[in-house]
Amino acid sequence: AQSVTQLDSQVPVFEEAPVELRCNYSSSVSVYLFWYVQYPNQGLQLLLKYLSGSTLVKGINGFEAEFNKSQTSFHLRKPSVHISDTAEYFCAVSDPNDYKLSFGAGTTVTVRA
Amino acid sequence: DAGVTQSPTHLIKTRGQQVTLRCSPKSGHDTVSWYQQALGQGPQFIFQYYEEEERQRGNFPDRFSGHQFPNYSSELNVNALLLGDSALYLCASSGGDRSYNEQFFGPGTRLTVL
Numbered sequence: 001a002q003s004v005t006q007l008d009s010q011v012p013v014f015e016e017a018p019v020e021l022r023c024n025y026s027s028s029v030s031v032y033l034f035w036y037v038q039y040p041n042q043g044l045q046l047l048l049k050y051l052s053g054s055t056l057v058k059g060i061n062g063f064e065a066e067f068n069k070s071q072t073s074f075h076l077r078k079p080s081v082h083i084s085d086t087a088e089y090f091c092a093v094s095d096p097n098d099y100k101l102s103f104g105a106g107t108t109v110t111v112r113a
Numbered sequence: 114d115a116g117v118t119q120s121p122t123h124l125i126k127t128r129g130q131q132v133t134l135r136c137s138p139k140s141g142h143d144t145v146s147w148y149q150q151a152l153g154q155g156p157q158f159i160f161q162y163y164e165e166e167e168r169q170r171g172n173f174p175d176r177f178s179g180h181q182f183p184n185y186s187s188e189l190n191v192n193a194l195l196l197g198d199s200a201l202y203l204c205a206s207s208g209g210d211r212s213y214n215e216q217f218f219g220p221g222t223r224l225t226v227l
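As structure tokens, this is what we get:
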């Protein structure tokens, strides 16, 4: 069974500074990996996904993530954040032969001016 | 292109009651998954419906049941509500020309059990 650990529960960051959100997964098989964002009182929006191919994945809103199989990690990065990036971010893993997503506990990003 | 829609947006029930939540998938999708998100936690998989059958189930009791209709929309039913069932219930759809693992979420239904 897959599981996800998001290493930071809260990340405060200043506007226009870079941010990195860390995600580690445990799985004995190949995986699909996802990052979702949740704004207050809303559902989840897909930021980016890794299914196969290039390990550097680019998503919406300037976010990117790198799949590192040897370290079983899928860290999310943005070079310059905006106030509007304040939200909850979730990393999720899925087995290609399975159908469910297993989520981490989330990382709260607060961007300050 | 309409995304995933859910109704109602908010619901208040008392312990022991039953509730039905509804979901319409994104156009072109044939699969619906349901997740429970307790306050301050990540979503937990409840079950997935495909071709009107429950294809996979998470670690939830039988009080949680569902249904999928021929038009791919879905319902989540919860019987004998407990205080601990208070959560945001998220519906996600997938399918079409994309992997079934690539799921698109609706805005959720906030259920409060008093």
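From first to last, the protein sequence lines stand for chains U and R. In terms of the working numbering, the first sequence has 16 at position 16, counting the first letter as 1, and numbering is strictly consecutive. Counting from 1 along the second sequence, just add 113 to a position and that's the residue number in the working numbering. Every residue gets a Cβ at the ideal spot worked out from N, C-alpha and C, and that includes glycine.
Residue pairing from DSSP leaves TYR99/U without any beta-bridge partner. Beta-bridge annotation (DSSP): ASN68/U is paired with SER73/U. From the beta-carbon of PHE182/R, no residue of chain U is found nearer than 9 Å; the closest lies around 19 Å away.
By the Cβ neighbour-count rule, THR222/R is buried, with 16 or more other Cβ atoms within 10 Å of its own. By the rule that beta-carbons nearer than 8 Å mark a contact, PHE90/U touches chain R. LEU44/U has a beta carbon lying within less than 8 Å of a beta carbon in chain R. In this structure, DSSP gives LEU51/U a state outside helix and strand, which the three-state scheme calls coil. CA-to-CA, the gap between GLY209/R and ASP143/R works out to about 7 Å.
Between the stretch 21 to 34 of chain U and the stretch 119 to 135 of chain R, the count of Cβ pairs shorter than 8 Å is below three; the stretches do not touch. When secondary structure is reduced to three states using DSSP, ASN190/R falls in the strand class. For GLY197/R, the closest Cβ of chain U is not nearer than 8 Å. Legend: CB atoms of the stretch 124 to 147 of chain R lying less than 8 Å from CB atoms of chain U belong to residues THR144 and SER146.
Straight-line spacing of the CA atoms in ALA115/R and SER178/R works out to 26 Å.
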